[in-house]
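Peer 1: Numbering (our numbering), first residue to last: 3 to 365.
Following this message is one structure expressed as structure tokens.
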Amino acid sequence: MAGQVNRVAVDTEGGRYDVVVGPLAPGLDALEALIDGRGGRIPLVSDELVLGLHGGAIRDRFDVEPLVVPRGEDGKTFAVLEDLLYRIAAIDPDRSTPIVALGGGAVGDLSGLAAALFKRGCPIVHVPTTLLAQSDSAVGGKTAIDFAGQKNLVGTFHQPSLVIADPSLLATLDQRQFRSGLAEVIKYGAIDDAAFFAWCESSIDALVAGHVDRLTDAIVHCVTAKARTVAGDVTDRSGQRALLNFGHSFAHAIEAECGLGEVLHGEAVAVGMVLALRFSARAGQADASDAERMVSLLGRAGLPTSLAAVGLGGRGDRLLKHMVRDKKNERGAVTLVLSHGIGRAFLKHGITSDQLGPFLEAA
């Protein structure tokens with residue numbers, strides 16, 4: 003509920019950290035306890051817009067040095083990473099001083115990678131300001147920049163020391179960004195929780211309207227589910243965590259084909275989940291009605307559900323060249339997260355171009 007503080011513990015091989023979901027002040031109390039009197043300025047990484055909207059609460063309580071980076075995918079480059087590291091070095095924090103990332107998923111990806119590299123690893127604290135980041139990307143330790151036209155090709159795992167997620171900050175998001183985040187929320191029902199998917203169906207109007215209580219419930223559910231998954235597969239190797247990539251192989255191909263940043267990540271994931279369900283049905287693994295149920299929910303969320311809706315109508319075959327280069331692939335074949343139905347995702351290795359190509363051409 004609004005005003006309630008929810009703490010979700012994430013256990014990893016390197017230790018435990020909390021995700022504090024609720025009003026910002028208790029989260030900042032947790033940050034103060036983490037700092038615990040350490041001297042020196044704290045690097046605060048954000049883009050100009052978010053810093054202006056939400057940076058004041060942090061600047062009022064802590065001795066920070068704001069480090070402004072470009073918005074979105076424009077900030078996830080080697081050039082920006084190098085410049086950010088130079089500016090962090092100029093502040094010269096010690097290895098126990100956290101870097102604070104204030105912003106969406108792109109700022110978190112960039113800042114997390116910088117924290118992993120600086121002095122061979124310093125703490126990172128995420129204060130996510132988008133629904134996508136609060137419900138998904140700020141938790142789990144994935145960091146990356148884009149490279150060679152591919153999304154998140156260069157990166158590492160670096161778990162945060164703390165995540166502070168205040169759903170009320172989402173009120174400042176533009177509608178397109180907000181709706182993009184709903185795709186990741188819906189994903190958690192699609193992969194292994196049919197009851198949560200049904201909850202999303204019954205709650206979608208309230209979620210779209212930005213009701214803080216419902217958003218808080220959704221974020222806590224997603225973070226709890228991700229914490230459970232990450233604990234069993236920290237570095238994305240066993241296949242358990244790979245299920246979180248449902249729709250993402252198609253999505254990353256869509257983003258690469260359209261130009262990174264042109265289609266929002268959640269928009270691409272929405273289309274990707276529909277494609278994954280339809281490919282599953284084509285392979286005899288799911289019923290066609292599952293894809294239509296997904297299309298209905300995503301449509302109510304104001305998200306695209308077809309390649310035509312993201313400017314790729316009749317050009318699905320062009321996605322194949324990107325999908326065969328996906329970093330999750332093994333032994334020259336495509337790896338996809340498919341589905342036996344809503345709430346029953348599974349990992350499928352060994353998908354050939356001959357199997358995938360005709361599907362994409364017809365999509």
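All residues carry an ideal CB built from backbone N, CA and C; glycine is no exception.
1) What is the residue span of the beta strand (DSSP E) that G105 lies within?
2) Taking the Cβ atom as the reference point for each residue, do D176 and V129 lie within a distance shorter than 9 Å?
3) By DSSP, does A335 sit in helix, in strand, or in coil?
4) To the nearest angstrom, how far is it from the Cα of G234 to the Cα of G142?
5) Residues in its own chain within less than 7 Å of A288 by CB, not counting five upstream and five downstream?
6) Take K144 as the anchor and find which of A192, A173, E269, S113 has the nearest alpha-carbon.
7) Whole angstroms is fine: what's the gap from A185's alpha carbon to A27's?
8) In the DSSP assignment, find the unbroken beta strand (DSSP E) run with I147 in it and report its ends.
9) Just list the residues that DSSP pairs K350 with in beta bridges.
10) The alpha helix (DSSP H) that contains G17, what's its start and end?
11) Is A135 near G77, with beta carbons less than 9 Å apart?
12) Whose C-alpha, out of S355, L305, A92, G334, is nearest the C-alpha of K319?
13) Ordered along the chain, which non-local residues of its own chain (more than five positions away) have a Cβ less than 6 Å from that of L338?
14) As an exercise, report each continuous beta strand (DSSP E) stretch of at least 3 residues that is fully enclosed by the stretch 148-217, in chain order.
15) When DSSP builds the beta bridges, which residues end up paired with A11?
16) Helix, strand or coil for I344? Go by DSSP, reduced to three states.
17) Taking 9 Å as the threshold (C-beta atoms), are I126 and S163 in contact?
18) Less than 9 Å separating the beta-carbons of D96 and G42?
19) Residues bridged to P95 by DSSP?
Peer 2: Inspection of the coordinates gives the following:
1) Boundaries of the beta strand (DSSP E) harbouring G105: 101-105, taken from the DSSP string.
2) Not in contact: D176 and V129 (Cβ atoms no closer than 9 Å).
3) When secondary structure is reduced to three states using DSSP, A335 falls in the strand class.
4) For G234 and G142, the distance between alpha carbons rounds to 11 Å.
5) If we look at A288 and ignore the five residues flanking it on each side, its Cβ neighbours are L279, S282, S341, H342, G343.
6) Here the closest residue by C-alpha is S113.
7) A direct Cα-to-Cα measurement between A185 and A27 gives close to 28 Å.
8) Segment 144-149, the beta strand (DSSP E) holding I147.
9) K350 pairs with L338.
10) Careful: G17 lies outside any alpha helix (DSSP H), inside the beta strand (DSSP E) at 17-23.
11) Not in contact: A135 and G77 (Cβ atoms no closer than 9 Å).
12) It is worth fixing the name first, because residue 319 is Asp in this sequence and not Lys. Residue nearest to D319 within the set S355, L305, A92, G334 is S355 (criterion: CA-CA distance).
13) Excluding sequence neighbours, L338 sits near S251, K350, I353.
14) Whole beta strand (DSSP E) segments, 3+ residues: 152-159, 164-167.
15) Assignment of beta-bridge partners to A11 by DSSP yields D20.
16) Three-state result, I344: coil.
17) Yes; because the gap between Cβ atoms is below 9 Å, this pair is in contact.
18) Contact: yes.
19) Its beta-bridge partners do not exist; DSSP assigns none.
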